[in-house]
Each structure stands twice: as structure tokens, then as C-alpha cells.
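At position 95 of the sequence shown the residue is numbered 1088 (our numbering), and the sequence of numbers has no breaks.
Where is the CB? At the ideal position from N, CA and C, for every residue including glycine.
As the structure is a prediction and not an experimental result, all values here were calculated from the model.
Each remark here refers to the structure printed beneath this line.
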Amino acid sequence: MLSTAERAGVILTRKEHCHCPSCPTYRECAERAGDRAFCTIGESRDDCIIDEEKGCICTRCPVYLDVGFQKTFFCTRGTEQQQRILSVLEMRDMVY
């Protein structure tokens, strides 16, 4: 498990390399708030909610490719881990 300082370093590195600001779904208020690397931090926050999916460039982002993510629309749907957990819960609900 990463320490708080290590996690902060990972987030900073990913923010430096991410392509979120080039995405059609990305909003100007997110740029002002410094929100990016949603694949790592999760969906947009209360002060700038991104709620309209206009397209996704996650699969072309170096962070996405480096980590090996499979999901997309992290700014609206949450991190890879959050989306996987939701998928499992949805499948479970379908079975039961």
C-alpha cells in the first residue's frame, strides 16, 4: 500500500501526463479547479460536476495506456476500480 506522500506523487505524475483537458467531455471549470487524471482520482467533484458525456479520449491517453486500464469515462463514472465494483454488483443483482 502506498503512503500518503507516494500516492500524492503518483497523482501528480498522472496529472502531468493526462489528456483530460483535450477531451470533449472535460469542462472549463474542471481546468480552473485543477481536476484531471480522473482515472486515478475518480469522477468530477461537487464544485464542477461533469455530467454530460460528449465523447471520451481516455483510450488514447498515456496514463491509460501505461497503467493498462480497460474502462472509460472516468470523469463521469469513477475510477477503474469503482467501475469494476459496480459491474460486479450489477451482475450479482441480475443473478439474484
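1) Given Asp1028, which residues of its chain have a CB within under 7 Å of its CB, disregarding the five upstream and five downstream residues?
2) For a test of the three-state rule: what should DSSP assign to Met994, helix, strand or coil?
3) Just to confirm, is the Cβ distance from Ile1004 to Ala1030 under 8 Å?
4) Going by alpha carbons, who is nearest to Cys1051 out of Ala998, Asp1086 and Pro1017?
5) Exposed or buried, which one is Lys1064 when buried takes at least 16 other CB atoms within 10 Å?
If we stick to the structure as given:
1) Ser1037, Arg1038 and Cys1041.
2) Reduced to three states, the DSSP call for Met994 is coil.
3) The Cβ atoms of Ile1004 and Ala1030 sit closer than 8 Å to each other.
4) Per the Cα distances, Pro1017.
5) Result: buried.
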